[in-house]
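Okay, structure first, notes after.
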Amino acid sequence: MADAFDDENENEQTYTMNEYMEKLEAEELEADLVLGGDEGKECTYPNGYMKRQAIFSCLTCVPNGSAGVCTACSLVCHDGHEMVELWTKRKFRCDCGNSKFGEVSCKLCPIKDSENADNSYNHNFKGSYCTCGRPYPDPEAEEQVEMIQCCICEDWFHENHLGLDSVNEIPRDEEDEPLYDEYICQECSLNCSFLDLYPASVWATPKQKNDTAPSGKEENSLKTGKSPYACPEQNVINSSSIHSEHETALIEKDSVHGENMEKTSDLAIPEEHSLDRASSLKCILGVDVNIKSHVLGKKMSMFLSKGWRDLLCRCRTCYEFYSGKGIDYLIDKEDSLQEYEKMAKEKREEKLQQQEGDAMKFINTLDHVRKIEIMSGINDMANELKSFMESVGTSRTITSDDVRGVFENLAKKRQRFQYAHVVVICLSGTTSSLQRRSYNCMFWAL
Ligand SMILES: [Zn+2]
Ligand SMILES: [Zn+2]
Ligand SMILES: [Zn+2]
Ligand SMILES: [Zn+2]
Ligand SMILES: [Zn+2]
Ligand SMILES: [Zn+2]
Numbered sequence: 001m002a003d004a005f006d007d008e009n010e011n012e013q014t015y016t017m018n019e020y021m022e023k024l025e026a027e028e029l030e031a032d033l034v035l036g037g038d039e040g041k042e043c044t045y046p047n048g049y050m051k052r053q054a055i056f057s058c059l060t061c062v063p064n065g066s067a068g069v070c071t072a073c074s075l076v077c078h079d080g081h082e083m084v085e086l087w088t089k090r091k092f093r094c095d096c097g098n099s100k101f102g103e104v105s106c107k108l109c110p111i112k113d114s115e116n117a118d119n120s121y122n123h124n125f126k127g128s129y130c131t132c133g134r135p136y137p138d139p140e141a142e143e144q145v146e147m148i149q150c151c152i153c154e155d156w157f158h159e160n161h162l163g164l165d166s167v168n169e170i171p172r173d174e175e176d177e178p179l180y181d182e183y184i185c186q187e188c189s190l191n192c193s194f195l196d197l198y199p200a201s202v203w204a205t206p207k208q209k210n211d212t213a214p215s216g217k218e219e220n221s222l223k224t225g226k227s228p229y230a231c232p233e234q235n236v237i238n239s240s241s242i243h244s245e246h247e248t249a250l251i252e253k254d255s256v257h258g259e260n261m262e263k264t265s266d267l268a269i270p271e272e273h274s275l276d277r278a279s280s281l282k283c284i285l286g287v288d289v290n291i292k293s294h295v296l297g298k299k300m301s302m303f304l305s306k307g308w309r310d311l312l313c314r315c316r317t318c319y320e321f322y323s324g325k326g327i328d329y330l331i332d333k334e335d336s337l338q339e340y341e342k343m344a345k346e347k348r349e350e351k352l353q354q355q356e357g358d359a360m361k362f363i364n365t366l367d368h369v370r371k372i373e374i375m376s377g378i379n380d381m382a383n384e385l386k387s388f389m390e391s392v393g394t395s396r397t398i399t400s401d402d403v404r405g406v407f408e409n410l411a412k413k414r415q416r417f418q419y420a421h422v423v424v425i426c427l428s429g430t431t432s433s434l435q436r437r438s439y440n441c442m443f444w445a446l
C-alpha cells in the first residue's frame, strides 16, 4: 500500500511556470473554440437547427443517449448529472426538457416541440466512439490512442482502427502534424465515392516513407489526377479520361487539372450558394456525377487536402447530387470546423478586448488615490514576479515555498510603499481626507 502511494507521488505531474501558463491558455482557447463563442447563458433552441454548436448528452436524464442539449442547458439544467461532451455537431437543435426527458423540464427554454425530428444521434451520445465502441478516455486502455473525427458522420475513430495497414499511412509531416484537412471514415467513403472523379489535389498526400524519390514523380501523379485511393479494378474515372472525353464541356481547357482547376473553382464559388446561381454554373467535372459516380472497390479511409471543399463543383447537377445524398453541407463554408473555429477565435478576441475595456472602465471610476494604489499594486506584482522568474529561470519547477516567498516580498514592499506614500502626501500638504485614507491603508497593510 505504501508503495502504491510512493508511486502516486512520483507520478504527480509538475509544471514549470511557463508550462503552467501555456497549459492554462491552451485549455481556455480549446474550450472557447468548442463553444464557438457561445457564452453558455441562453438555450440555443430558439435558433433552430444550428449549423454547428457544442452538444452534450445527459446520461442521468436520458440513459439510452437519444438526446442532446446545448452548452447553457448542460450547465444550468444538468449541473451535476453524468454528461458526455460531444464536441461539436452539425444541424442540431437542443432537446433539453422535451418528451425524451420525462419529468425533467428545461429551466432556460421550457417550451419546446416534443421532439426534434431532424436531429441525428449516433453512439457518441451513449459515450461510445469508433468502430470498437469504446468510451473516451477509455478507462481500460493502457494508453489513450489519438482519435480522428470523420467530417461526414462526425463519429471519432482511433487512429489504429481506421482500416489502414499502419498508422504511418496517415498523412503527417515530420513534426507529426496532420497534412490532411479532413477525414472521411470507411463507412462514409461509400457515400463519397464521387470524390474519385476529382484530380489528386483533393487528396492529402501520404507521408513519403523515403523522401529520396525525385519530386518530378509526385508532380506527374498530380497531373494525371490519379487518386491515391483509386481502385485497382479501374471502374474509376480519373480526371485524364474526363479531360479527353468531355473536353468541350469544360469551362476552361485543362480546368480539371490541379492548379487550373483551383482557379476555375474559385471563380465558380458563389458567395452565397443558391440553386439559381448553381444553374448558371457549368460543371467542372464535365461528367454527370450521377451517372459516373461509381462504387468503390472497398471501404477506405479518405484523407482530404487543405481546401478540398473549395474544389467541389457547385453546378446545379452536382448540387442536387449532394442534396440527394444529404451531404450538401460540404459546399457550405460555414459548416467546416475551420470556419467555426475562426468565428470562435474572433468572438474570443472581442471578449478579451471587452474584458480589458471593462477593467479600465472600473479603474477610471475610482478616485485618484485608489487608482494609484491599484496601479502601483499591479506594478509591484508584475515586478516581483518578473524578478522571481529571472531568478529561477523558466525550466525549474515552482514549489509552494517559492509562491509564499513571492507574496511575502510583495507584502514587505507594500508596507514600505505605504509609509513612503503617507510621507509624500503629508509633505505636499494635500487635504486631510486623503491623509486619512492613506493612514487607513497603512494600518491595513500592517
Ligand atoms: Zn438548450
Ligand atoms: Zn440531466
Ligand atoms: Zn435546458
Ligand atoms: Zn476504436
Ligand atoms: Zn463517417
Ligand atoms: Zn458539377
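Under the UniProt record's numbering, the first residue of the sequence shown carries the number 1, and numbering increases by one thereafter.
Note that the Cβ used here is the ideal one computed from N, Cα and C, for glycine as well.
As the structure is a computational prediction, the values presented were derived from the model and not from experiment.
Helix, strand or coil, according to DSSP, for residue i in the structure here?
i           : result
residue 298 : coil
residue 46  : helix
residue 16  : strand
residue 71  : helix
residue 78  : coil
residue 399 : coil
residue 51  : strand
residue 404 : helix
residue 448 : The requested residue 448 is not part of the displayed model; the chain covers only 1 to 446.
residue 383 : helix
residue 104 : coil
residue 342 : helix
residue 41  : coil
residue 189 : helix
residue 311 : helix
residue 24  : helix
residue 281 : coil
residue 327 : coil
residue 198 : coil
residue 287 : coil
If you measure between the beta carbons of residue i and residue j, is that distance less than 8 Å?
i           : j           : result
residue 33  : residue 339 : no
residue 93  : residue 122 : no
residue 181 : residue 307 : yes
residue 37  : residue 344 : yes
residue 84  : residue 56  : yes
residue 303 : residue 170 : yes
residue 305 : residue 193 : no
residue 287 : residue 321 : no
residue 310 : residue 90  : no
residue 285 : residue 313 : yes
residue 327 : residue 119 : no
residue 189 : residue 299 : yes
residue 204 : residue 179 : yes
residue 59  : residue 82  : yes
Ignore the nearest five residues each way along the sequence and tell me which others in residue i's own chain have a CB closer than 8 Å to its CB.
i           : result
residue 385 : 406
residue 125 : 57, 65, 66, 67, 68, 84, 86
residue 46  : 109
residue 48  : 93
residue 99  : 114, 115
residue 35  : 54, 71, 344
Take residue i and list the residues in its own chain whose beta-carbon comes closer than 7 Å to its own, dropping the five residues that flank it on each side.
i           : result
residue 177 : none
residue 43  : 70, 72, 73, 94, 96, 106, 108, 109
residue 160 : 145, 167
residue 410 : 380, 381, 384
residue 138 : 144
Taking DSSP's pairing of strands, which residues face residue i in a bridge?
i           : result
residue 57  : 84
residue 304 : 182, 203
residue 89  : 53
residue 348 : DSSP, once it has assigned bridges, lists no residue as partnering residue 348.
residue 449 : The requested residue 449 is not part of the displayed model; the chain covers only 1 to 446.
residue 172 : 178
Only counting the same chain, and skipping five residues up and downstream in sequence, which positions put a Cβ closer than 6 Å to that of residue i?
i           : result
residue 219 : Low confidence applies here, because residue 219 scores a pLDDT of 34, under 50, leaving its location unreliable and the question unanswered by this model.
residue 163 : 186, 301
residue 333 : 339
residue 136 : 129
residue 88  : 52, 54
residue 101 : 61
residue 347 : 37
residue 360 : none
Can you check the region 355–379 for any alpha helix (DSSP H) of at least 4 residues that lies completely inside it and give the ranges in chain order? DSSP runs (the alpha helix (DSSP H)) wholly in the region 355–379: none.
Whole beta strand (DSSP E) elements within the region 108–156, 3-residue minimum: List check, beta strand (DSSP E) in window: 147–149.
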